[in-house]
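Residue numbers (our numbering), protein chains in the order written: chain A, 10 to 245; chain B, 12 to 128.
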């Protein structure tokens, strides 16, 4: 996760320098190494607070919004997506979630992403490149409730597919909203079937709701076809 | 008549002998069985001392056979997660939040619980 999205966490670097000033040179060096290690850990992982309920995985909230008029290249997608924060416990999740607009109240072409810490919500990420997603299209008015049910099931480890889940997305569009859940191995049919069944169970969807599985390689191809292969590396 | 009755009696008695022998024979066998039972009981004893964690692991081995049973999974029900939303810590603003139109200054207080409960 040491990339440009980490800019948010740079606030920590101030304390870090101050700490280094204290102590003898020898200690200082030792401390520096420890401090560096600590700092790396800090950057990479959120930690549950005392008395909080730890989660099986740490997660990161992201938000993206398409800027109107600009061509949707892979690069601009990466620039438009913004990290909101990472959490390691149930309590920390609610702290973030309660300080964010609910998806049903978003306007325009925008997405919330909730991914395991270390996985970027992009097709190109190592964890996603052989993966795919279940997509559910929702009529307007259902997004907030469905999104909450989806992420609570993911955080609570209700999918029971080991390490397979990568993250979840809610996409607010003009006439409909879309929720999706991404997994690592699109070819693993036992896993994708299990995810589908869990989705049906936890989402309380209207009976006629259509669920569709799409591999990311298909998504990339469709995107490239649509954009006339302008950008071979893929994007949205 | 009497004789014949006796004979019948005797005939009836005769098959009883091997039965009695059968009763004698299995006895040592039964002892062996009892012994093996007691053996398995003593083997069971340490099993009774396993911790809750190990028990969970065993249950997970059975219920999640297709996944690698590395360690127990931390899972929570939707209801439990929602219950924790109303705890005071869950309403505190995170220390680091970017300035952003979708990021709020104050928590959207009750709507989560109103939505779910």
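Here a beta-carbon is modelled for each residue, glycine too, at the ideal position from N, C-alpha and C.
Taking the alpha helix (DSSP H) that residue i belongs to, which residues open and close that run?
| i | result |
| --- | --- |
| residue 91 (chain A) | Element bounds for residue 91 (chain A): not the alpha helix (DSSP H) but the beta strand (DSSP E), 90–98. |
| residue 94 (chain B) | 89–96 |
| residue 206 (chain A) | 198–212 |
| residue 230 (chain A) | 225–235 |
| residue 132 (chain A) | Looking at the DSSP string, residue 132 (chain A) is not in any alpha helix (DSSP H), and its letter there is neither H nor E. |
| residue 153 (chain A) | 152–164 |
Taking DSSP's pairing of strands, which residues face residue i in a bridge?
| i | result |
| --- | --- |
| residue 192 (chain A) | A:141, A:174 |
| residue 123 (chain A) | A:70, A:177 |
| residue 110 (chain B) | Its beta-bridge partners do not exist; DSSP assigns none. |
| residue 105 (chain B) | Partner(s): none; residue 105 (chain B) has no beta bridge. |
| residue 147 (chain A) | A:186 |
| residue 222 (chain A) | A:143 |
| residue 63 (chain A) | A:98 |
| residue 109 (chain A) | B:114 |
Using alpha carbons as the reference points, say which of the options lies closest to residue i.
| i | options | result |
| --- | --- | --- |
| residue 64 (chain A) | A:148, A:95, A:164 | A:164 |
| residue 179 (chain A) | A:119, A:218, A:68 | A:119 |
| residue 111 (chain B) | A:73, A:219, A:127 | A:73 |
| residue 185 (chain A) | A:112, A:67, A:88 | A:112 |
| residue 101 (chain A) | A:233, A:210, A:55 | A:55 |
| residue 162 (chain A) | A:151, A:97, A:204 | A:204 |
| residue 142 (chain A) | A:224, A:236, A:229 | A:224 |
| residue 134 (chain A) | A:170, A:152, A:176 | A:176 |
| residue 109 (chain B) | A:94, A:106, A:115, A:107 | A:94 |
| residue 227 (chain A) | A:132, A:197, A:59, A:68 | A:132 |
| residue 92 (chain A) | B:119, B:118, B:65, B:107 | B:107 |
| residue 188 (chain A) | A:57, A:209, A:198 | A:209 |
| residue 99 (chain B) | B:87, B:60, B:118, B:66 | B:118 |
If you check the beta carbons only, do residue i and residue j fall under 8 Å apart?
| i | j | result |
| --- | --- | --- |
| residue 90 (chain A) | residue 130 (chain A) | yes |
| residue 71 (chain A) | residue 122 (chain A) | yes |
| residue 3 (chain B) | residue 104 (chain A) | Nothing in the structure corresponds to residue 3 (chain B), since chain B is present only between 12 and 128. |
| residue 98 (chain A) | residue 126 (chain A) | no |
| residue 200 (chain A) | residue 192 (chain A) | yes |
| residue 101 (chain B) | residue 153 (chain A) | no |
| residue 195 (chain A) | residue 140 (chain A) | yes |
| residue 116 (chain A) | residue 168 (chain A) | no |
| residue 110 (chain A) | residue 115 (chain B) | yes |
| residue 144 (chain A) | residue 137 (chain A) | no |
| residue 66 (chain A) | residue 96 (chain A) | no |
| residue 166 (chain A) | residue 85 (chain B) | yes |
| residue 197 (chain A) | residue 233 (chain A) | no |
At a Cβ threshold of 8 Å, is residue i touching chain E?
| i | result |
| --- | --- |
| residue 100 (chain B) | Among the chains of the structure shown, chain E does not appear; the protein chains present are A and B. |
Legend entry - Inter-stretch contact (C-beta, 8 Å, three-pair minimum) for the region 184–198 of chain A and the region 147–154 of chain A: Note that the region 184–198 of chain A touches the region 147–154 of chain A; at least 3 beta-carbon pairs, one per stretch, sit closer than 8 Å.
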